[in-house]
Amino acid sequence: MELSPENPLSAEPEIDTSHAQEFVEELRRVGDTLPSRINIDPDSVEQGLAKLVLTLIEFIRRLLEKQAVKRMEGGDLSPEQIEELGLALMKLEEKLHDLKTQFGLSEEDLNLDLGPIGRLI
Amino acid sequence: MNLLVHGPPITSRAINKRLVAIMSSPFDQITIDGESNFEESDISLLETLDHVLNRGLVIAGEITISVADIDLIFIGLNVLVSSVEKANEVLRERDRLTSEG
Amino acid sequence: MKSVVFDKKFYPYCLVGQTVGLSELLRGVDGREVLQREVGTLTAVLSEWDDKKVELTRENVLRHDAVVRQVLEEATPLPFRFGHLVTAHQLESYVESKSETLQSKLQHLHNCVEMSVKIIWNREAELASQTPETEAMQKVGRGAAFLMSKQAEFQAEQSSSSEVAAIASWLKSRTSGLVRDELVVLRPAEKLVVSASFLVERSSLAAYKNRTALFDEERSDLHFLTSGPWPPYSFSNNELEFKTHLGVS
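Protein chains in written order, with the numbering used here: chain A, 1 to 121; chain B, 1 to 101; chain C, 1 to 249.
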């Protein structure tokens, strides 16, 4: 392929797959999971702050669930304690879901900041 | 600079055994083009982007906080988790030793 | 006497051991001219820049890759990934302080290209075995049932993890002997469970391709995407080292 300012490619990479469409979907999904980046802009401080707070709480919430299950499996909790713990975590999950809706944030918004890539693909 | 990876996704380097640096790549000087002419199903472009763009290694709990598009803080929460677990282990061991003493 | 503008910016494409021959027609990101500047013991391939933002467009990304590929045809590049700006001073101090590391990296990458394997695993079998409600759950309160369902969820995640690790092992065993280095990223929670980058010597490339051509047949339970050759982006990571070097703490 001849090189010119209009045609910048000197060699195209070979891409081989029998499942192009499937990979397109997955690459786009995985591409969306860039490291989360929360930008607090003078114009959107509230949004940025809400995202920050909710992302952190969401992360901690998942950690709490994992730890709670571990404790339950460890056998050192009474049935009453397990019930209380479960109820609290269940409510926490619901509450967080409500807050996300309130701030117009989707599950995706909290897990990952799409950034420039999300709008690009 | 070298941080421990904890929890999925897992990264391994079989031959050289280096710990891979976990850093997000702040696109602090990139904006998007107003009009993008990307085709929906462009596998070639997506694969290219996967190589040419720095996505870092996505570990749950990585957050970069920027203000006015200037990256200020990078938080690797999984590193914190490791430390807490480690701390608990240490405390349990200490308790065990004390109670046996 | 006019002082040099110390914060003049440059857009780096890669570092090389020595100057290479580049076509005069070659244009880089934003259609800019591609230059080569000596930086300590190495040469940097770059474009001059100003205060303009680097635009993330299809065109620019392809141009960036094209420049690095041109270099790859003649020499071993240490690629930068897309979108980073540096000053001459930053480049110089980076090359100077990391001079040994960079030289050994260049040696490590010498005569090699990067090849990529991505694997999708559709875990229908796993989903089928998930029983959302067991008898035990019906006997306890809502809170306990909640925790038990979470427990089942985490267990499923766990078994996924070990299956995916097994897939990665298989891949490594199939490519061993043909690759100089590898970087394998596992994502057990996704469908795209394995993303592998291999550093392959040009002389081994044909054998490597023959090996990977057999994958579809050998593992009909998996879906493969192979691509390459690429410049060795995954094994260079200049921009990562750069950030640390500049004291981003």
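Glycine included, every Cβ here is placed at the ideal spot set by N, Cα and C.
Out of L72(C), T57(C), K105(C), point me to the one whose CA is closest to P13(A)'s CA. Locating residue 13(A) in the first sequence gives position 13, where the first residue counts as 1. Answer by Cα proximity: L72(C).
Which bits of chain F does F23(A) rub up against, with CB to CB less than 9 Å? In summary, chain F is missing from the structure at hand, where the protein chains are A, B and C.
For S234(C), is the classification buried or exposed, using 16 other Cβ atoms within 10 angstroms of its Cβ as the cut-off for buried? In the third sequence, the residue the question calls residue 234(C) occupies position 234. S234(C) should be labelled buried.
According to DSSP, simplified to helix, strand and coil, what is N2(B)? By one-based count along the second sequence, residue 2(B) stands at place 2. With a pLDDT of 27 at N2(B), under the threshold of 50, the predicted position of this residue should be treated as unreliable, though the coordinate-derived value follows. Coil.
Using a Cβ-Cβ cut-off of less than 9 Å, list which residues of the stretch 60-77 of chain C approach chain B; keep chain order. N60, V61, L62, H64, D65, V68
Candidates R69(C), A165(C), G28(C), L78(C): which alpha carbon is nearest N60(C)'s? Numbered from 1 along the third sequence, position 60 holds the residue referred to as residue 60(C). When only C-alpha atoms are compared, the closest one is G28(C).
Indicate whether at least one CB of chain B lies closer than 8 Å to the CB of P13(A). Start at 1 with the first residue of the first sequence, and residue 13(A) comes out as number 13. Closer than 8 Å to some Cβ of chain B, the Cβ of P13(A) qualifies, so yes.
My understanding is that L22(C) touches Q70(C), with C-beta atoms under 8 Å, so please give their C-beta distance in whole angstroms. Counting from 1 along the third sequence, the entry for residue 22(C) is found at position 22. Counting from 1 along the third sequence, the entry for residue 70(C) is found at position 70. So it is a contact: roughly 6 Å between Cβ atoms.
In angstroms, rounded to a whole number, what distance separates the CA positions of D65(C) and C112(C)? Within the third sequence, residue 65(C) is the residue found at index 65, counting from 1. Within the third sequence, residue 112(C) is the residue found at index 112, counting from 1. D65(C) and C112(C): Cα-Cα distance of roughly 16 Å.
L77(A) to A196(C), Cα distance in whole Å? Within the first sequence, numbered from 1, the residue matching residue 77(A) stands at position 77. Within the third sequence, numbered from 1, the residue matching residue 196(C) stands at position 196. Their backbone Cα atoms lie some 43 Å apart in a straight line.
Give me whichever residues DSSP pairs with K9(C) in a beta bridge. Here residue 9(C) refers to the residue found at position 9 when the third sequence is read from its first residue. Per DSSP, T87(C).
Identify each residue in the stretch 196-230 of chain C for which the Cβ-Cβ distance to at least one residue of chain A is less than 8 Å, and report them in chain order. D216, H223, F224, L225, T226, S227, G228, P229, W230
Could you give the DSSP three-state label for A189(C): helix, strand or coil? Working through the third sequence from its first residue, we reach residue 189(C) at position 189. The answer is coil: DSSP assigns A189(C) none of H, G, I, E or B.
In chain order, what are the residue ranges of uninterrupted alpha helix (DSSP H) at least 4 long that sit wholly in the stretch 109-175 of chain C? 124-128, 135-139, 142-175
So, at 6 Å on beta carbons, what are the nonlocal neighbours of L85(A) in its own chain, with the 5 sequence-adjacent residues on each side left out? Along the first sequence, read from residue 1 onward, the residue named residue 85(A) stands at position 85. Taken in chain order, the residues that qualify are A68.
Would you tell me roughly how many angstroms separate the C-alpha atoms of W170(C) and R37(C), rounded to the nearest one? Start at 1 with the first residue of the third sequence, and residue 170(C) comes out as number 170. Start at 1 with the first residue of the third sequence, and residue 37(C) comes out as number 37. One C-alpha to the other measures close to 44 Å.
Is D16(A) helix, strand or coil when you go by DSSP? Here residue 16(A) corresponds to residue number 16 of the first sequence, with the count starting at 1. Reduced to three states, the DSSP call for D16(A) is strand.
Could one say the Cβ of R81(C) lies closer than 8 Å to chain A's Cβ atoms, at least one of them? The residue given as residue 81(C) occupies position 81 in the third sequence. Answer no: the Cβ-Cβ gap between R81(C) and chain A never drops below 8 Å.
Using 8 Å as the limit for Cβ to Cβ distance, is T55(A) near chain C? Here the question's residue 55(A) lines up with position 55 in the first sequence. So, not an interface residue.
Measure the CB-CB distance between K118(C) and L186(C) and report whether it falls below 8 Å. In the third sequence, the residue the question calls residue 118(C) occupies position 118. In the third sequence, the residue the question calls residue 186(C) occupies position 186. No; because the gap between Cβ atoms is not below 8 Å, this pair is not in contact.
Just checking: is the beta-carbon of L89(A) within a distance shorter than 8 Å of some beta-carbon in chain B? Numbered from 1 along the first sequence, position 89 holds the residue referred to as residue 89(A). So, not an interface residue.
Between the C-alpha atoms of V55(C) and R142(C), what's the straight-line distance to the nearest angstrom? Walking along the third sequence from the start, residue 55(C) turns up at place 55. Walking along the third sequence from the start, residue 142(C) turns up at place 142. The residue you asked about is not Val; residue 55(C) is Glu in the sequence shown. The alpha-carbon atoms of E55(C) and R142(C) are separated by roughly 52 Å.
Output needed for K191(C): all residues of its chain with C-beta closer than 6 Å, excluding positions within five of it in sequence on either side, in chain order. The residue given as residue 191(C) occupies position 191 in the third sequence. Around K191(C): I120.
Reducing DSSP to helix, strand and coil, say where L42(C) ends up. Translated into positions along the third sequence, residue 42(C) becomes position 42. Residue state, collapsed to three classes: strand.
CB-CB length for E48(C) against R32(C), believed under 8 Å: In the third sequence, residue 48(C) corresponds to position 48, counting from 1. In the third sequence, residue 32(C) corresponds to position 32, counting from 1. With a Cβ gap of about 7 Å, E48(C) and R32(C) count as contacting.
Give the interface partners of K66(A) over in chain C, defined as CB-CB distance under 7 Å, in chain order. On the first sequence, residue 66(A) is found 66 positions in, with the first residue counted as 1. Correct list: F154.
Pull up the CB-CB distance for L42(C) and G17(C), whole angstroms please, since I reckon it's below 8 Å. In the third sequence, residue 42(C) corresponds to position 42, counting from 1. In the third sequence, residue 17(C) corresponds to position 17, counting from 1. Their Cβ separation, rounded to whole angstroms, is 6 Å, which keeps L42(C) and G17(C) in contact under 8 Å.
Compare the C-alpha of L87(A) against each of V140(C), D181(C), I167(C) and name the closest. Against the first sequence, residue 87(A) aligns to sequence position 87. Closest option to L87(A), Cα to Cα, is V140(C).
P77(C) versus Y94(C), L106(C), S93(C), E96(C), residue with shortest Cα-Cα distance: For the purposes of this step, residue 77(C) is identified with residue 77 of the third sequence, where counting begins at 1. The shortest C-alpha separation from P77(C) is found at L106(C).
Touching or not, the stretch 150-157 of chain C and the stretch 171-184 of chain C, by the rule of three or more beta carbon pairs under 8 Å? no
Any beta carbon of chain A sitting closer than 8 Å to that of D50(B)? What you label residue 50(B) is simply residue 50 of the second sequence in a count that begins at 1. Output row for D50(B): interface = yes.
Taking the beta carbon of L34(A) as the centre, do at least 16 other beta carbons fall within 10 Å, making it buried, or is it exposed? As a working note, residue 34(A) is residue 34 in the first sequence. Legend: pLDDT at L34(A) = 41, less than 50; position of this residue unreliable, value from coordinates given subsequently. So L34(A) ends up on the buried side.
Output, in chain order, the set of chain A residues within a Cβ distance shorter than 8 Å of Q151(C). Taking the third sequence and counting its residues from 1, the one referred to as residue 151(C) is at position 151. The answer, in chain order, is V69, M72, E73.
Can you say whether D43(A) is buried or exposed, counting buried as having 16 or more other CB atoms within 10 angstroms of its CB? Counted from its first residue, the first sequence places residue 43(A) at position 43. The residue in question, D43(A), is exposed, as its Cβ has fewer than 16 Cβ neighbours within 10 Å.
Taking the continuous alpha helix (DSSP H) assigned at T55(A), which residues delimit it? To locate residue 55(A), count along the first sequence from 1; it is residue 55. Segment 45-74, the alpha helix (DSSP H) holding T55(A).
Who are the Cβ neighbours of L92(A) in its own chain at under 8 Å, not counting the five residues just before and after it? In the first sequence, the residue the question calls residue 92(A) occupies position 92. Excluding sequence neighbours, L92(A) sits near R61, L64.
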